[in-house]
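Peer 1: Convert by adding 238 to the 1-based position in the sequence shown; the result is the number in my numbering. Got a structure here, written out as structure tokens. Questions coming.
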Amino acid sequence: MGMFDFLKKKPAMPATLEEGMASQAKDFVGALSQPGAPIDGSRLDYTAPSLALVDRVLDDFFKQQAPLPDDLHFLASAYVFEVARREFGGRYLRGDEDNPFVLVIGEDESQVGVCVMGKVRGRATNGPEDDLGFFYAGIAPTVARGVRATII
């Protein structure tokens, strides 16, 4: 075994987008469960009320007019995605530049696409007008109507 053989070993890639997103959401919870984190990460329990904590983290960036780091953007988005997927089910598909991933809930004519990533970035940039709780509250009635829609 050579001295640099460890470089040849690649971390295991998730088998599905769902596994990958769940892993990233778990990393978000772990990062915010460390001492000195801006919120109590142990309260991130994958429920709608826990999104208020994510909102607080993003609000700090808004108040400081600081750019949201790409890694935090992705981890926070993964957490919001996983809250929705645990409640409504669905699968992830590739999206566009603003929303590289979309959670698709339902089938055929009652598919609802949930675009979280643009909203998470918007919350850090635009402040309370892009409130995550308000955004999330729009998912259930749209799914219940059984219509084809996109929530952005």
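Every residue gets a Cβ at the ideal spot worked out from N, C-alpha and C, and that includes glycine.
Going by beta carbon distance, what residues of the same chain come within less than 8 Å of R281, once the five residues before and after it are set aside?
Peer 2: Contacts found: S288, L291.
Peer 1: Could you check if K301 is buried or exposed, using at least 16 other CB atoms within 10 Å of its CB as the buried criterion?
Peer 2: Answer is exposed; the Cβ neighbour count stays below 16.
Peer 1: Taking only three categories from DSSP, how would you classify I390?
Peer 2: In the structure shown, I390 sits in coil (DSSP, three-state: anything other than H, G, I, E or B).
Peer 1: Is the beta carbon of G328 sitting closer than 8 Å to the one on L313?
Peer 2: No, Cβ-Cβ distance for G328 and L313 is not below 8 Å.
Peer 1: In this structure, does DSSP put I343 in helix, strand or coil?
Peer 2: Strand.
Peer 1: Could you name the residues that DSSP lists as bridge partners for G351?
Peer 2: DSSP output for G351 lists V342, T388 as bridge partner(s).
Peer 1: If you draw a straight line from the C-alpha of K357 to the C-alpha of T363, how long is it?
Peer 2: In a straight line, the C-alpha of K357 is about 10 Å away from that of T363.
Peer 1: Assign A304 to buried or exposed, taking buried as 16 or more other Cβ atoms, counted over all protein chains shown, within 10 Å of its Cβ.
Peer 2: Label assigned to A304: exposed.
Peer 1: In its own chain, which residues sit with a C-beta less than 6 Å from the C-beta of A286, not counting the 5 before and 5 after it?
Peer 2: Excluding positions up to five away in sequence, the list reads Y374.
Peer 1: With a threshold of 16 other CB atoms inside 10 Å of the CB of R359, please say whether the residue is buried or exposed.
Peer 2: Buried, because 16 or more other Cβ atoms sit within 10 Å of the Cβ of R359.
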